[in-house]
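Protein sequence lines, in the order shown, are assigned to chains A, B, C and D. The first sequence begins at 3 in the working numbering and counts up one residue at a time. The second sequence begins at 3 in the working numbering and counts up one residue at a time. The third sequence begins at 3 in the working numbering and counts up one residue at a time. The fourth sequence begins at 3 in the working numbering and counts up one residue at a time. All C-beta atoms in this analysis are idealised placements derived from N, C-alpha and C, irrespective of residue type, glycine included. Everything numeric in this text was worked out from a predicted model, so none of it was measured.
There are 4 protein chains.
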Amino acid sequence: MYSFANDYSEGAHPRILEALAKTNLEQNPGYGLDSHSAHAIELIRKEAACPQADVHFLVGGTQTNTLAITSVLRPHQAVIAAVTGHINTHETGAVEARGHKILPTETPDGKLTPDRIRPILARHTDEHMVQPKMVYISDSTEIGTIYTKAELEELSRFCRQNGLYLFLDGARIGAALTSASNDLTLADAAALTDLFYIGGTKNGALFGEALIVTNDALKPDFRYLIKQHGAMLAKGWLLGIQFEELFRGRLFYDLAAHANEMAVRLRDALAGRGYPFAYPPQTNQLFPVFANDEIRLLEKDFSFHPDITIDACHTSIRLVTSWATTDEGTDAFIRALDGLKKRNG
Amino acid sequence: MYSFANDYSEGAHPRILEALAKTNLEQNPGYGLDSHSAHAIELIRKEAACPQADVHFLVGGTQTNTLAITSVLRPHQAVIAAVTGHINTHETGAVEARGHKILPTETPDGKLTPDRIRPILARHTDEHMVQPKMVYISDSTEIGTIYTKAELEELSRFCRQNGLYLFLDGARIGAALTSASNDLTLADAAALTDLFYIGGTKNGALFGEALIVTNDALKPDFRYLIKQHGAMLAKGWLLGIQFEELFRGRLFYDLAAHANEMAVRLRDALAGRGYPFAYPPQTNQLFPVFANDEIRLLEKDFSFHPDITIDACHTSIRLVTSWATTDEGTDAFIRALDGLKKRNG
Amino acid sequence: MYSFANDYSEGAHPRILEALAKTNLEQNPGYGLDSHSAHAIELIRKEAACPQADVHFLVGGTQTNTLAITSVLRPHQAVIAAVTGHINTHETGAVEARGHKILPTETPDGKLTPDRIRPILARHTDEHMVQPKMVYISDSTEIGTIYTKAELEELSRFCRQNGLYLFLDGARIGAALTSASNDLTLADAAALTDLFYIGGTKNGALFGEALIVTNDALKPDFRYLIKQHGAMLAKGWLLGIQFEELFRGRLFYDLAAHANEMAVRLRDALAGRGYPFAYPPQTNQLFPVFANDEIRLLEKDFSFHPDITIDACHTSIRLVTSWATTDEGTDAFIRALDGLKKRNG
Amino acid sequence: MYSFANDYSEGAHPRILEALAKTNLEQNPGYGLDSHSAHAIELIRKEAACPQADVHFLVGGTQTNTLAITSVLRPHQAVIAAVTGHINTHETGAVEARGHKILPTETPDGKLTPDRIRPILARHTDEHMVQPKMVYISDSTEIGTIYTKAELEELSRFCRQNGLYLFLDGARIGAALTSASNDLTLADAAALTDLFYIGGTKNGALFGEALIVTNDALKPDFRYLIKQHGAMLAKGWLLGIQFEELFRGRLFYDLAAHANEMAVRLRDALAGRGYPFAYPPQTNQLFPVFANDEIRLLEKDFSFHPDITIDACHTSIRLVTSWATTDEGTDAFIRALDGLKKRNG
């Protein structure tokens, strides 16, 4: 059984584990006030070309999203998100639990544009409704698509013109930045948003996300909120060490590039055999459409999640590759496709 | 200028004001623990045929909705509502501010049915998503439509089968129960829901809503929650006296019937002159469609709110009648329609 | 049975009821956007000498306190209060329910001073603890004492030096301002705090509190928060009309002065008969100490609340006078004291 | 510089790191639904003699406390804690941020008893105040003291008689259970509380706490709440593997015993040299009192936190030993004491 269920099925890249082992008996001050965290912050500021940014290391994605959103909104303010946005669907109401409405909007591709946001602004004009104040986007999105630089620039401009904060969920920003269709950089993300995060959990860290706050107005007292959310890791250097390793050289990009490479191999194999995709395959999440009986056969040897019902006989599935996906696993899946072909033929 | 802007543009029916004046210098215990409130509770229990119900008098609708919903849900539970539901649109995120997600569903008529709820239940199956636990409906709805007894029975059965609480927002239940198309009673509402409220503010009280909790499991400690929400009126007898007056005889129904009667006159005049309606005109809220230049003319003498854009040249408006709407005001509006006709002709 | 249980045992001063009756059939726009509210706001701005202040009319005290406090604090910020502060004891955790810790401090007289606040600031120095950001005081306090102008000035200066908002709960500010020991004015309260409220419920209004926000930084979007708290009265002019009446002339002060006058009569009678007070009797709340068997006798003809246990045989009780307290009721109580005397003698 | 600042200054015990390394490339299902977590749950159930308990692995202490408390209380319910309780002082208002008041009570030793709780229950009798519903205790406490079995039994009985949930914060339960003065077992903790947790972070795990819910009524839907709190680790098996290792044999106890052993050496050295303690030294947290100039000398070679000001010249400091404290570090500190002696002499 080989798993394409997600990109966090294995532990950490060996270099990261080694770094943790090597420093294991160092005595470090707690709560992220250690030298490894300080160094990792410098590396990220440099890579993102934002020397003034505040960088906070956190453990997981829901935690980071909830913290970033609810720490900067006043109680009557709301966040706009794609219907498919992670905060709207798969975080068990964490944003609402902290008091804020999510204003969801339908999209064909999981991406927000000024045109999709304008009707929401037009509808929310007085104090009987919540006040839209933040736009939440993901890159790559929950359905594997990515923003171009032009798209992000346009969205950023629109947000600034309309007094909206722009927050980018970068749980899979590694996969986005190393996609063949990408023309964005980490520095662009930093320059065009008010705050965003770089996902480690889904890109080879044991765990960890780096929240980068570039808007000065949003910086004060963030550490209070981290603590209040139960998100301040006692042994904070564990996060610092991991991000040091990811950004000391190119490891962060290399791991994501590997995930994308494996995805390209699967994508080409699928496309070459005539399987359509529910959404454009741009990163390490693929959503090919299979006949339901094909899915039942594939499930014998591979684990993955069904996505949406296409029709009575077809369903899209989600295949996720990662830094740890092996050639063997990928080859096996491609062979399984051939097996389906033969059987169908 | 005559206002059809809403059904709370005037104070209270004179009998209610008189009752308040007559009792003004009585010394009463505070917080609803007085004899007037006790008597009003008995009258409502009797009228709703629910002798065991808990009845709480509150000041306003948003307060009552927020209290009813957030007092019975656990933090991970959500409430299902029509997209047009008051809690989803016009309460400034009050339910979310207390921690709960609203799961909105599109409807053509503002009403929920098992078929509109089932897909939501089907999508929410594990702990990564909120848990749907309550269904919120309004009768009459925010767009003036009402539930038949058969519809409410079906919905109630469905909710009970699926472990969902059913809460009915009765801000305009007077208008619903006295509509010509209605076959529900207050006793039906009590029997078929877990909790619901009877709106006074929009039906001739100075202010006040009566929340009726019929499900025993939801009764404990409600007064704590009322106090915590800032919803426990110090001079609680002011609410008791008003509901005593509304339910001592038939005043509650008479006032709503008057509102509906005025609406029927407007409806017939509009329909007779060929104006279509955006939604079926069943109660005291009418949504006729006018040409935009007609609206500009009407606005000179009448106040009302625009509703939705129908096309480049047409908009629906909302006309609301009330217990206080006068024959003169209604006649004037009908004459204005004739004026439009003449001008158009 | 005559009640000294509180100062909200009767309805409203007749002039207020008359004003409501006289305007009852006016059509007014909802939600406080009417001309009565606008006029009342002007009267209050003038009386408080704060022409730029924002004034919001609300229904009750807990609602006003919760709104004022939780609308201006960020999630990690806390409010300092006397242990006896209303928000700390008698609001069922309303402030905490909206997310904020109250930092209580012991006081002998219900009042806060820089010296009582400093140790709290000294203890709260990093992000592992909440950040003290507001000071909550009441004038008169929950135990009937009042602030002198010098005290309030000193506290205000301290708050400004330490970046703390100062909020004054004026549920009984009428009683404070008309106390013989008082040297404060409404204009002082406005000048020395960031926001405060003028209580109507306990001073002759049917209900209603006027929240005055003088600090510009705290003004934006308050109406959103009022609505979200379920605190925006649909028929907002009911509040406007009452405050118009209270501040059109001197009615607000006259009513409070009457309450204090009745309290002085009781106080002198009690002191003259040798009864001690648990706290200095300065306003319309008196806390005389009685032998427990005396209390049992008094309870036969008067209603009031016990306060604290002094020793095995003695308890203080709370006697509250109001705008509505009659000479007859007061005389009867004094006669009852004589009855106790005779019996004891 | 050697640190006695806390018991989470180093990474993890080598056996734990090895276990993580050994399993690093296994593919595991996410969110704690893996076989390592299942195995660790079985080991804990067995060790705590509670085969029916629900066990949830979480990342940190504040997260676990907030989750445990706010998931089982209704909005109007409060938790009783010692003034020194971690939730009351060092969690940045996390419990209040989720809506609940903490009712603090002064204690000389950081421990709660029925006698310290009764006055709180006596004061909270109606809906104008929060409803006390849970008792929060820590073992060992924040000041290093521990509960005897008799004390915990008495407290448990009292809580059950009064309808109060009993929650034990076991961040340092390892140190408590291996203290020379201890007569409790993990099974006692499970039997006498409604829910409690076993701390890993401060006892040799890289991170991780195991929350054990024994009261059936509190079990439903906990995983929803974990997710909502951002507390569901994607790679949940990382927690499972660590607790497997801690409870596979006696490692959990051995590590805590080592910490206590080092503390005993320090305690004896301090006591032998005449240093008093601010609180009884029972576990791995010691609070010796030093002259301020001695502290300045010690700070040159050791890191630790000051605790409380004893008088103008003396301060207690907190010394914490851990699973990782070395003989060398301990010896060095003892030699430094001798140095102080010599200098003073």
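Length of the line joining the Cα atoms of residue i and residue j
| i | j | result |
| --- | --- | --- |
| residue 95 of chain A | residue 65 of chain A | 12 Å |
| residue 147 of chain A | residue 216 of chain C | 49 Å |
| residue 335 of chain D | residue 305 of chain D | 11 Å |
| residue 103 of chain C | residue 93 of chain D | 11 Å |
| residue 186 of chain C | residue 245 of chain C | 21 Å |
| residue 72 of chain A | residue 90 of chain A | 14 Å |
| residue 5 of chain D | residue 331 of chain D | 8 Å |
| residue 350 of chain D | residue 47 of chain D | There is no way to answer for residue 350 of chain D, as the model of chain D reaches only from 3 to 347. |
| residue 177 of chain D | residue 263 of chain D | 10 Å |
| residue 129 of chain D | residue 223 of chain B | 8 Å |
| residue 342 of chain D | residue 75 of chain D | 51 Å |
| residue 207 of chain A | residue 322 of chain A | 17 Å |
| residue 292 of chain B | residue 333 of chain B | 18 Å |
Residue of the options minimising C-alpha distance to residue i
| i | options | result |
| --- | --- | --- |
| residue 214 of chain D | D:150, D:173, D:283, D:335 | D:173 |
| residue 241 of chain A | A:27, A:9, A:43 | A:43 |
| residue 220 of chain B | B:331, B:195, B:104, B:261 | B:195 |
| residue 54 of chain B | B:300, B:218, B:133 | B:218 |
| residue 260 of chain B | B:3, B:48, B:179 | B:179 |
| residue 251 of chain B | B:34, B:49, B:79, B:330 | B:49 |
| residue 106 of chain D | D:121, D:99, D:100 | D:121 |
| residue 276 of chain B | B:205, B:340, B:182 | B:340 |
| residue 256 of chain C | C:307, C:287, C:212, C:324 | C:324 |
Three-state secondary structure (DSSP) of residue i
| i | result |
| --- | --- |
| residue 201 of chain B | strand |
| residue 260 of chain C | helix |
| residue 226 of chain C | helix |
| residue 304 of chain C | strand |
| residue 24 of chain B | helix |
| residue 72 of chain C | helix |
| residue 284 of chain A | coil |
| residue 273 of chain A | helix |
| residue 5 of chain A | strand |
| residue 332 of chain A | helix |
Amino acids of chain C, ordered along the chain, whose beta-carbon sits closer than 9 Å to that of residue i
| i | result |
| --- | --- |
| residue 101 of chain D | 95, 98, 99, 100, 101 |
| residue 12 of chain B | 26, 27, 28, 29, 30, 237 |
Partners in chain A for residue i, counting only beta-carbon separations shorter than 8 Å
| i | result |
| --- | --- |
| residue 133 of chain C | 223, 226 |
Contact set between residue i and chain A, taken where Cβ atoms lie within less than 7 Å
| i | result |
| --- | --- |
| residue 230 of chain D | 94, 95, 96, 99 |
| residue 130 of chain B | 92, 94 |
Amino acids of chain B, ordered along the chain, whose beta-carbon sits closer than 9 Å to that of residue i
| i | result |
| --- | --- |
| residue 283 of chain D | Result: empty, since nearest Cβ-Cβ is about 40 Å, beyond 9 Å. |
Residue i: contacting residues in chain C (beta-carbon distance under 7 Å)
| i | result |
| --- | --- |
| residue 65 of chain B | 232 |
Under 8 Å by beta carbon: chain D residues contacting residue i
| i | result |
| --- | --- |
| residue 193 of chain C | Those do not exist, as residue 193 of chain C stays about 31 Å from chain D at its closest Cβ, beyond 8 Å. |
Cross-chain neighbours of residue i in chain D, by beta carbon under 9 Å
| i | result |
| --- | --- |
| residue 73 of chain B | 76, 77, 78 |
Query raised in the report: Is it true that the region 100 to 119 of chain C meets the region 148 to 158 of chain C, where meeting means three or more beta-carbon pairs spaced less than 8 Å apart?
Result: yes
Query - Validate contact between the region 266 to 286 of chain C and the region 221 to 235 of chain C using beta carbons, cut 8 Å, 3 pairs - result: no
Requested in this report: Check whether the region 128 to 143 of chain B touches the region 76 to 91 of chain B, taking contact to mean three or more Cβ pairs, one atom from each stretch, closer than 8 Å.
Outcome: yes
Requested in this report: Evaluate contact between the region 46 to 62 of chain D and the region 278 to 298 of chain D, counting only Cβ atoms and requiring at least three cross-stretch pairs below 8 Å.
Outcome: no
Query raised in the report: If we count Cβ pairs, one from each stretch, closer than 8 Å, do we get three or more for the region 161 to 170 of chain B versus the region 128 to 138 of chain B?
Result: yes
Report task. Assess, as a yes-or-no matter, whether the region 295 to 313 of chain D is touched by the region 236 to 250 of chain D under the definition of 3 or more beta carbon pairs within less than 8 Å. Result -> no
Query raised in the report: Are there three or more Cβ pairs, one per stretch, closer than 8 Å when the region 14 to 31 of chain D is compared with the region 6 to 17 of chain A?
Result: yes
Query raised in the report: Are there three or more Cβ pairs, one per stretch, closer than 8 Å when the region 195 to 211 of chain A is compared with the region 31 to 42 of chain A?
Result: no
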